[in-house]
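To start, the structure itself, in structure tokens.
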Amino acid sequence: MQIKSTVVYMEIANNCDIEKRKIADDILKLSDNFEAITFLLPNGDMYMEEPYHRQLDLSKNNFAFRDYYKGALETKAALLGEVIISVATGERVAVISVPIYLEKDQSLVGIWNGVLNLGIFNKMLQSLNLSDGTRMIYVDGNGQKIADSNTLLSDKAESFVNLNSFKYGISGKNGNSTEVINGTKFLITYSPVEILSNTWIVMLMQPG
5 MQIKSTVVYM EIANNCDIEK RKIADDILKL SDNFEAITFL LPNGDMYMEE PYHRQLDLSK
65 NNFAFRDYYK GALETKAALL GEVIISVATG ERVAVISVPI YLEKDQSLVG IWNGVLNLGI
125 FNKMLQSLNL SDGTRMIYVD GNGQKIADSN TLLSDKAESF VNLNSFKYGI SGKNGNSTEV
185 INGTKFLITY SPVEILSNTW IVMLMQPG
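First residue of the sequence shown? That's 5 in our numbering, and the numbers climb one at a time after it.
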């Protein structure tokens, strides 16, 4: 689609471009890891979102400011974005973006995006048989908590950007670090994990 400065693109109606909507619906049916699928135009404008009711709730139309849009264009590959607040639901989410290019001239057609339900990561960690007081978390590249083995804290937004264990992990190191968090001393074992052009940090926190 050619973008002209005199045209303002809005999201398409529910009965338009059924082929793309079917692709999105099929992905959602096959995987409960995603809570929504979107397609952005090359300039970052929202073209469509499934489920459709989320599209109706959007308070913004352009998402060129998002790290997942910028990162997909820079890497020209699938990218996992940082944790953000969804404009549709107000919840914390992470987005996997896949840019689509025309084969004949490699011009950008648009970007498919899968909105990850972070609850699945909480369930993974909370299924672990950890001893009392021990906690495991996933942290994104900005130091924001993604998931937590502690059921009482899993919905709480937390930043670990100032911890040495995060700083070492984001630099690519594995190891252990003693940290004081809210007055309690923890031994933290940390390890970086490379996921789709991004880095998350896994932290195992043991008191004492």
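Backbone N, C-alpha and C define an ideal beta-carbon position, used for all residues, glycine too.
Judged by DSSP in its simplified three-state form, Asn-18 adopts coil rather than helix or strand. Comparing alpha-carbon positions, the option among Val-143, Phe-164, Val-99 lying closest to Glu-39 turns out to be Val-99.
Ser-195 is bridged by DSSP to Val-206. The Cβ atoms of Gly-173 and Tyr-194 sit closer than 8 Å to each other. In this structure Leu-34 is exposed. Its beta-carbon is surrounded by fewer than 16 other beta-carbon atoms within 10 angstroms. Between Ile-31 and Gly-118, the C-beta spacing is below 8 Å. Around the Cβ of Thr-182, a 10 Å sphere holds fewer than 16 other Cβ atoms; the residue is exposed. With a minimum length of 4 residues, there is no unbroken run of alpha helix (DSSP H) contained wholly in the stretch 72 to 111. The DSSP-derived three-state label of Ala-40 is strand. Rounded to the nearest whole angstrom, the CA to CA distance from Asp-159 to Thr-188 is 21 Å.
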